[in-house]
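As they're listed, the protein sequences go chains R and U. Those letters in the first sequence? Residues 1 to 260, by our numbering. Those letters in the second sequence? Residues 1001 to 1454, by our numbering. Structure record follows, encoded as structure tokens.
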Amino acid sequence: MIVENSEVILSVQDLTADVDGTPILKGLSLEIKAGEIHAIMGPNGSGKSTFSKVLAGHPAYTITGGTVLFKGQNLFESEPEERSRSGVFLAFQYPLEIPGVSNLDFLRVAYNSKRKHQGLDELDVFDFDELVQERLAIVKMNPSFLERSVNEGFSGGEKKRNEILQMALLEPTLAILDETDSGLDIDALKIVANGVNQLTRPDNAILMITHYQRLLDYIVPDYVHVMEAGKIVTTGSKALALELEARGYDWIREEEAIAK
Amino acid sequence: MTIQVSTDLDLQSVDHSAHAVYLSDLCERLDLDQLALGAETAALVQSLRDRASALAQELTLPTTRQEEWRFTDLAPLRQIKFAGSAWRQRVLANPDSEAFKNLILPEAVARLVFVNNCYMPELSAIANLPTGLAISSLAGQGGAIAGYLGQQPGAEEVFTTLNTAHLTEAAVIRVQRHQVIESPVHLLFISSPVPASRLVSPRCLVVAEPSSSLTLVEEYLTLGTGTDLINAVTEIWLQENAQVNHTRIQRHSQTDFHIGKTAVSQARDSRYTCHAVSLGGRISRHNLKVHSTGQQTETTLNGLTVAAGEQLADTHSAIGFSQPHCTSHQLHKCIVSDRARGVFNGKVSVPKAAQLTDASQLNRNLLLSPKARIDTKPQLEIVADNVKCSHGATVSQLEAEEVFYLQSRGLDYQSACNLLVEGFAVEMLEQIPSATLRRTLSQLILSQIRTEPA
């Protein structure tokens, strides 16, 4: 939802980043305001996932230039956990399996680390259990998944639902969904999208990274950006996604070449 | 009939070189004072001690030139002169002290406490025992222990001999035929440090009669920081169809030395499970020897070793089969940080007679620092031709991606690492039959280790 004069949540200017000395992001700029839903599309290797990991603070990437402000603060000054506590959430493309750590304990520790950051009392086991039961409904998740180890033995769809459950608990200001739709059948996609839609508010923002226009039928973006070779080359409305689905990415490359 | 399958080479390769340290040099003269154990018991113990003492005169401290001790250098022991029984006087104990109360397991059906190897009746709880369960110190045991005490194979091994030579006290547990003791019996061997370094020789004897069942928690710890050598021996006899669920916790201070032997004999159809957790000791070694003497025995060995700082923690297990249709399952995990070292040697002997044996062994290691080290050695000796035997070892570090995943959910680096370490350890802790003990161990492990980025 585009709201005039709403707060700028994320402001990215000329961002460049390397992995092992290879430049991946090459001057990326983007602004996201409260209430908005953005989608970034683009071919494989264009740097979409790198961008999401850079925002979350993945240690494998080196920032070589540019600025990223999150709610006016330099994002790169804080550790990954501080970014999380202040409201940045990355739903992983491939959520990790953590053997031996119960999902419920993991969710509680994550939730309480945010509460502590906000100066609130940590929730005890019983109060948290009540909260998590209520949030489970958002992603139609079976409570039995709480007793299992984090993501261990979960199907692809269950892992993605578990990511959205974490989002529902942490209530981020900026949620970055890295290919949350890939590998999902249509039923799971609807559940995940429906969950995300329940979590959108005028004071938060969502950045979706996806290969497929299909997701955008269920989570309708305000802006669609196309990424190519480490930067955003064009921005449009939802119609742009339909055009990409029909025509592929080559025409954008050609238009860009003509423009140069 | 007991078939001895242990092939400990210590005796055959005794070091007679000029630098050899004889056991008799290790500690002060044995104090063979009168034992107030009752005439029959005293006579039996004295004869065991005399034989062991004579043997101890000939035995030397093992060196790394011996295969069994290749990774475990006992040189630091040579620097210390250990006092023998001079420090064995009883200390006054306050059963109401916080330090002691924290050690009590509310789940336990009975508790037997030894401080510096002195039996402490005021700290023990052995009143109102369930039918068929007998628990006591050594005094007055007489004929009940004859044929069991000191009779396990491997009694001639160096440190076992040393323990027997100093035998003055023991925990004795006996479960009668058909009796099932579900709640744990808690044995506490507490070291209360004194200014000198001592040789402490705890001893434990367990007899599970036919078709009986026992849950046992055997715990060694130091109140404070000591430099003692705790040389413990536990002998467990499982008679036909008996079951013993044994938890063995070693959490001495990081400056103590601990050599522990668990010798187990399993008669036919018996089931033995061991959960061994080793946290303490500058140098620690757990020798776990299981002798299966009948058909269809089941052996489950779960082990968790945590070492940090300059610790060296060694587990040497040996399972010897002698009859067909037996199974063993072993999972041993080590968590090693700083400059510490972990050693695992797991022997499984399957002679020709032990057809249709099903034996598996897995050793998983987690290194938390670039300087931490693991030596792991499976040792399968299989002669029988129709068996299922597997073994494996893994060494890993904390996965950077997993740490990042947790950080991205708001956990700081250290909390993320701790959660992953707990996840690695929990499999070994969750089967311990006391929630209190599980919590204590979890906390101890996290306070012991330190994670450095690779």
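All residues carry an ideal CB built from backbone N, CA and C; glycine is no exception. Note that the coordinates shown come from a computational prediction; the quantities given were computed from them, not determined experimentally.
- Scanning its chain for C-beta atoms nearer than 6 Å, with the 5 sequence neighbours on each side dropped, one finds around U/Ala1134 the residues Arg1174, in chain order.
- The distance from the Cβ of R/Met227 to that of R/Ile219 is about 18 Å, inconsistent with a contact at the 8 Å cut-off.
- At a cut-off of 8 Å between C-beta atoms, U/Val1185 does not count as an interface residue with respect to chain R.
- With 16 or more neighbouring CB atoms inside 10 Å of its own CB, U/Gly1226 falls in the buried class.
- U/Gly1342 and U/Asn1365 do touch by the CB rule: their CB atoms are close to 6 Å apart, below 8 Å.
- In the three-state reduction of the DSSP assignment, U/Ala1108 falls in the coil class.
- The beta-carbon distance between U/Glu1182 and U/Cys1204, rounded to whole angstroms, is 20 Å. This is too long to meet the 8 Å contact definition.
- In the DSSP assignment, U/Gln1448 falls within the unbroken alpha helix (DSSP H) covering Ala1435 to Gln1448.
- For U/Ala1196, DSSP assigns no beta-bridge partner whatsoever.
- In terms of beta-carbon proximity, R/Ala175 stays away from the interface with chain U, with every pair separated by 8 Å or more.
- The alpha helix (DSSP H) runs lying completely inside the region 144 to 183 of chain R and spanning 4 residues or more are 144 to 147 and 156 to 170, given in chain order.
- Shortest Cα-Cα distance from U/Ala1267 to any of U/Val1277, U/His1316, U/Ser1317 and U/Pro1324 involves U/Pro1324.
- In this structure, the straight-line span from the alpha carbon of R/Tyr61 to that of U/Glu1402 is close to 16 Å.
- Under DSSP, the beta-bridge partners assigned to U/Arg1341 are U/Leu1312 and U/Arg1373.
- The three-state secondary structure of U/Arg1409, taken from DSSP, is coil.
- At a Cβ-Cβ threshold of 8 Å, R/Ile176 and R/Gly195 do not count as neighbours.
- With contacts defined as CB atoms closer than 8 Å, R/Gly230 and R/Ile24 qualify as a contacting pair.
- Any Cβ of chain U closer than 8 Å to the Cβ of R/Ala110 would place that residue at the interface, and such an atom is present.
- The criterion of a C-beta distance shorter than 8 Å is not satisfied by U/His1316 and U/Asn1363.
- DSSP places R/Met208 in the strand class (E or B) of the three-state scheme.
- Approximately 13 Å separates the beta-carbon atoms of U/Gly1320 and U/Asn1287; this is outside 8 Å, ruling out the contact.
- Shown in chain order are the members of the region 1419 to 1448 of chain U whose Cβ falls below 8 Å from a Cβ of chain R: Leu1419, Leu1420, Glu1422, Gly1423, Phe1424, Ala1425, Val1426 and Glu1427.
- For R/Leu96, the residues of chain U that pass the 8 Å Cβ criterion are Glu1399, Glu1401, Glu1402 and Tyr1405, in the order they occur in the chain.
- About 19 Å separates the beta carbons of U/Ser1213 and U/Ala1171, which is beyond the 8 Å limit, so they are not a contact pair.
- A check of alpha carbon separations from U/Val1180 across U/Gln1296, U/Glu1209, U/Ala1196 and U/Ala1155 identifies U/Glu1209 as the nearest.
- Annotation: the region 51 to 88 of chain R contains the following complete segments of the alpha helix (DSSP H) (minimum length 4 residues), in chain order: 80 to 86.
- For R/Ile258, no beta strand (DSSP E) run applies; the uninterrupted alpha helix (DSSP H) run containing it begins and ends at Asp250 to Ala259, by DSSP.
- Per the Cβ contact rule, the region 137 to 146 of chain R is not in contact with the region 65 to 83 of chain R (fewer than 3 Cβ pairs under 8 Å).
- Here R/Asn197 carries a helix assignment [DSSP, helix/strand/coil].
- Shown here for R/Thr210: same chain residues with a beta carbon closer than 7 Å to its own, the five before and five after excluded, namely Ala39, Met41, Glu179 and Asp181 in chain order.
- Near chain U, meaning a CB-to-CB distance below 9 Å, the residues of the region 72 to 92 of chain R are Glu79, Pro80, Glu81, Glu82, Arg83, Ser84, Arg85, Val88, Phe89, Leu90 and Phe92.
- Under the three-state reduction of DSSP, R/Tyr111 is assigned to helix.
- With a threshold of 8 Å between beta carbons, R/His58 makes contact with chain U.
- Secondary structure note for U/Arg1285: it is in no alpha helix (DSSP H), and the uninterrupted beta strand (DSSP E) holding it is Ile1283 to Ser1292.
- For R/Pro95, there is no enclosing beta strand (DSSP E), as DSSP gives it neither H nor E.
- Collapsing the DSSP output to three states places U/Thr1394 in a strand.
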